[in-house]
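Asker: Residue numbers for the sequence shown follow our numbering, so the first one is 1 and each next one is one higher.
Before I ask anything, here is the structure I am working with.
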Amino acid sequence: MIAFPFFRRDFPALKGDRVNLRVPESGDYREWAALRAESRAFLEPWEPRWASDELERASWRQRLSRYREDFTNGSAVAFFIFENASGRLVGGITIGNIRQGVAQSGQIGYWVGERYAGKGYMVDALLLLVQFAFDTLRLHRIEAACIPENSRSVRVLEKAGFQREGLLRSYLRINGNWQDHYLYALIADDRLGVRTKG
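Pasting the structure below:
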């Protein structure tokens, strides 16, 4: 277990050309709840089953508390994704299950509001998070898993340079059912190879 010495109240956003990533704040509640509510049918097939109070303010406070706790113990970093041009929230991305020592690895999860899907925002956010994971967290390997039928997520991961490594049978319980997932990974050496080729 590690702590993140760089995390302060003024933790800087990760800035890209089209999006920036910053840690969620209590004032994000209304925009987050509205975007999740309008995107519910779009998101539910790919996420754990929503709780009955999923979008309530009390649930939001618990979510923020969990984000801070994960930050404090060094196990995860959660970001919201904002469009630079409008400043609007478009989704979220997290690196979790962070392990140091001999593993130096983490797992990525993400979601995007339906109206922002297919516009390249998630690829941009993923590339920013990859840079943060390798350069700041000093990880060696980053993994992501997606349901084989989730063609949008497959495209996002492959565009960001992740390689499919196999099929994880009955891996995660999604929307109430155990689902197979493709395992994708990117290691630091892969990224260095991409840089030298470019």
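Where is the CB? At the ideal position from N, CA and C, for every residue including glycine.
1) From which residue to which residue does the alpha helix (DSSP H) around ALA34 run?
2) Locate the alpha helix (DSSP H) running through PHE134, then write down its first and last residues.
3) Please state whether DSSP places GLN100 in a helix, a strand or coil.
4) Just how far apart, CA to CA, sit GLY106 and SER86?
5) Which residues mark the beginning and the end of the alpha helix (DSSP H) in which SER59 is found?
6) Could you please give the first and the last residue of the uninterrupted beta strand (DSSP E) stretch that includes LEU183?
7) Could you check the C-alpha separation between GLY96 and GLU143 for me, to the nearest Å?
8) Over what stretch of residues does the beta strand (DSSP E) that includes GLU165 continue unbroken?
9) Around the C-beta of SER153, are 16 or more other C-beta atoms found within 10 angstroms, so that it is buried, or is it exposed?
Answerer: Once the coordinates are examined:
1) Within the sequence shown, the letter at position 34 stands for residue 34. That run of the alpha helix (DSSP H) goes 29-38.
2) Position 134 of the sequence shown, counted from the first residue, corresponds to residue 134. Secondary structure note for PHE134: its alpha helix (DSSP H) is the uninterrupted segment 121-135.
3) Along the sequence shown, read from residue 1 onward, the residue named residue 100 stands at position 100. Coil, per DSSP.
4) Along the sequence shown, one-based indexing puts residue 106 at 106. Along the sequence shown, one-based indexing puts residue 86 at 86. The straight-line gap from Cα to Cα measures roughly 31 Å.
5) Within the sequence shown, the letter at position 59 stands for residue 59. Here the alpha helix (DSSP H) through SER59 covers 57-73.
6) Here the question's residue 183 lines up with position 183 in the sequence shown. 177-187 is the span of the beta strand (DSSP E), which, as asked, contains LEU183.
7) Within the sequence shown, numbered from 1, the residue matching residue 96 stands at position 96. Within the sequence shown, numbered from 1, the residue matching residue 143 stands at position 143. When the Cα atoms are used, GLY96 and GLU143 turn out to be separated by approximately 10 Å.
8) Along the sequence shown, one-based indexing puts residue 165 at 165. Where GLU165 is concerned, the enclosing beta strand (DSSP E) stretches over 163-174.
9) Your numbering for residue 153 matches position 153 in the sequence shown. Label assigned to SER153: buried.
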